Amino acid sequence: MTDDRRHFLKGAAAGGAAISMLTTHSQLAAADVQRRTKLPREVTIATLCQAGIQTKTMQQMIERLIGMLDEAAHMQPDIVCLPETFHRMNVSQPEASIQEAARSGVDGLAEPLAKWAADNRCYVICPIHTRDSLGCYNSAIVIDRNGGYVGEYRKSHATTSEMDGGVKPGSLKTPVFETDFGKIGIQICFDIQWDDGWRNLRDQGAEIVFWPSAFGGGQMVNTRAWQNQYAVVSSTAKGTSKICDIDGAELATTNHWQRWVSATINLEKSFMHTWPYVQQFPAILRKYGSAIRINSYADEEWSIIESLSPELKVADVMREFGLKTIREHLAIADQMQCDVRGS
723 MTDDRRHFLK GAAAGGAAIS MLTTHSQLAA ADVQRRTKLP REVTIATLCQ
773 AGIQTKTMQQ MIERLIGMLD EAAHMQPDIV CLPETFHRMN VSQPEASIQE
823 AARSGVDGLA EPLAKWAADN RCYVICPIHT RDSLGCYNSA IVIDRNGGYV
873 GEYRKSHATT SEMDGGVKPG SLKTPVFETD FGKIGIQICF DIQWDDGWRN
923 LRDQGAEIVF WPSAFGGGQM VNTRAWQNQY AVVSSTAKGT SKICDIDGAE
973 LATTNHWQRW VSATINLEKS FMHTWPYVQQ FPAILRKYGS AIRINSYADE
1023 EWSIIESLSP ELKVADVMRE FGLKTIREHL AIADQMQCDV RGS
């Protein structure tokens, strides 16, 4: 520990500054309840779990899940996500094979979801099988607020059983999609076992990553969020679906009694390594007061700075006080290590 860090910690402990800068998640939730007007970069997300829902046909399953989305629509979500290949999960007598049912764009099975998206002015992540001239894919289509086709992600890391059944793995060049609230990305089920797609999305500036899946994933979902400093939303056929903030904190989770959930995430925030930037926090709070929130994690030595004002941009505050994101901080250390090694 350097002398300046030791002296800062002693002074903060004596004055109570360290305690005042820490905010519990329950306090954050209470503050969110009190705010009634969404901030410019707040996004309301809904997701669901398909566990226990069984139908005879694919069309019946689509109708059942649209019924759940109709319930979630009362929360006025900006975007909703359905589970992996939801049209075939828990369906006893599918009307067609995977290859026969696969379409391109929003044709076929995706059409009812496109109509729902337009009716509710809401983006939809619609995970179904798609095809092109080369074959069939386990995909997730992004549908915009007008019911239009934005693009699709094709599962990069298909399982052996999928490939045995004729499903091809998608490209390793993971796309990001532009929405009116920010950049989003998608990973699907087995993709969670590989780092490449998640890292590629981070490097392309994704702010929310959706993970439709056949299984719940547990803490792997939370880990992908804090590892990459973006929100992660799962939508699963079994287990628990959840909405995780950039620190991995669970903002909403499904359960036996609640098969769909929603949460609002403020994207106007930044993830930092606490030291040495904590030295600037008192000055930031003195200047901006309730317009800013700084949440620090003592053990991990993370800090998240968040704007609570429509007029205040986090990037401007960080520039003003010389703060760096955790990725910038690590890049500086990496470069210095290389320079000192002479490599």
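Numbering-wise (my numbering), the sequence shown opens with residue 723 and increments by one.
Using N, Cα and C, we set each Cβ at its ideal position, and we do this for glycine too.
It should be emphasised that the depicted structure is a prediction, and the values quoted were computed from it without experimental measurement.
The beta strand (DSSP E) with residue i in it runs from where to where?
i, result
"T958", "953-958"
"G869", "First-last for G869: undefined, no H or E at that position."
"S1065", "Where S1065 is concerned, there is no enclosing beta strand (DSSP E), given that its DSSP letter is neither H nor E."
"I767", "764-770"
"T945", "Premise fails: T945 lies in the alpha helix (DSSP H), 941-950, not in any beta strand (DSSP E)."
"E1033", "Segment: none, E1033 is in no beta strand (DSSP E) and carries neither H nor E."
"I801", "801-803"
"K964", "964-966"
In its own chain, which residues sit with a C-beta less than 6 Å from the C-beta of residue i, not counting the 5 before and 5 after it?
i, result
"Q781", "none"
"V846", "V802, L835, A839, I865"
"V955", "I767, T769, C803, F932, I965"
"R924", "N950"
"T958", "C771, P805, S935, G938"
"C911", "E806, S935, A936"
"T975", "T962, K964"
"Y871", "G827, V828"
"I1048", "F993, M994, H995"
"R946", "W920, V954"
Please list, in chain order, all residues of the same chain as residue i whose beta carbon is under 8 Å from its beta carbon, the five residues on each side excluded.
i, result
"K1035", "E990, S1029"
"K960", "C771, Q772, A773, A936, F937, G938"
"D754", "Note that D754 scores 47 on pLDDT, short of 50, meaning its location in the model is unreliable; the coordinates nonetheless yield the value given after this. Result list for D754: T986, in chain order."
"G888", "I820, Q821, G857, C858"
"R921", "N950"
"E972", "N944, K964, I965, C966"
"Q1130", "A question about residue 1130 goes unanswered here, because the residues of the chain that appear run from 723 up to 1065."
In the structure shown, what three-state DSSP assignment does residue i receive?
i, result
"G1011", "helix"
"H851", "strand"
"A862", "strand"
"F932", "strand"
"R924", "helix"
"L973", "strand"
"F1043", "helix"
"G827", "coil"
"F1003", "helix"
"W997", "helix"
"I775", "coil"
"S742", "Low confidence applies here, because S742 scores a pLDDT of 36, under 50, leaving its location unreliable; read the following figure in that light. Three-state result, S742: helix."
"R1049", "helix"
Locate the alpha helix (DSSP H) running through residue i, then write down its first and last residues.
i, result
"W916", "First-last for W916: undefined, no H or E at that position."
"N812", "First-last for N812: undefined, no H or E at that position."
"P834", "833-842"
"I987", "Careful: I987 lies outside any alpha helix (DSSP H), inside the beta strand (DSSP E) at 982-988."
"I784", "780-794"
Given residue i, which residues of its chain have a CB within under 7 Å of its CB, disregarding the five upstream and five downstream residues?
i, result
"N868", "A840"
"P897", "G873, Y875"
"R981", "L770, C771, M790"
"I784", "H809, L831, P834"
In terms of alpha-carbon separation, which member of the options lies closest to residue i?
i, options, result
"L856", "Q1002, K890, S883", "K890"
"T759", "D1056, Q1057, P1032, I784", "P1032"
"V983", "N860, T962, T852", "T962"
"A823", "D1038, E833, S992, H851", "H851"
"G907", "Y952, I1048, M942, N944", "Y952"
"D913", "A928, H879, Q1057", "H879"
"S992", "E793, A794, N977, D1038", "D1038"
"R763", "N988, Y1019, A795", "N988"
"K1009", "H995, F1043, E1022, W979", "F1043"
"D726", "T901, W997, I1006", "W997"
Ranges of the alpha helix (DSSP H) found wholly within the stretch 876-921, counting only runs of at least 4: 882-886
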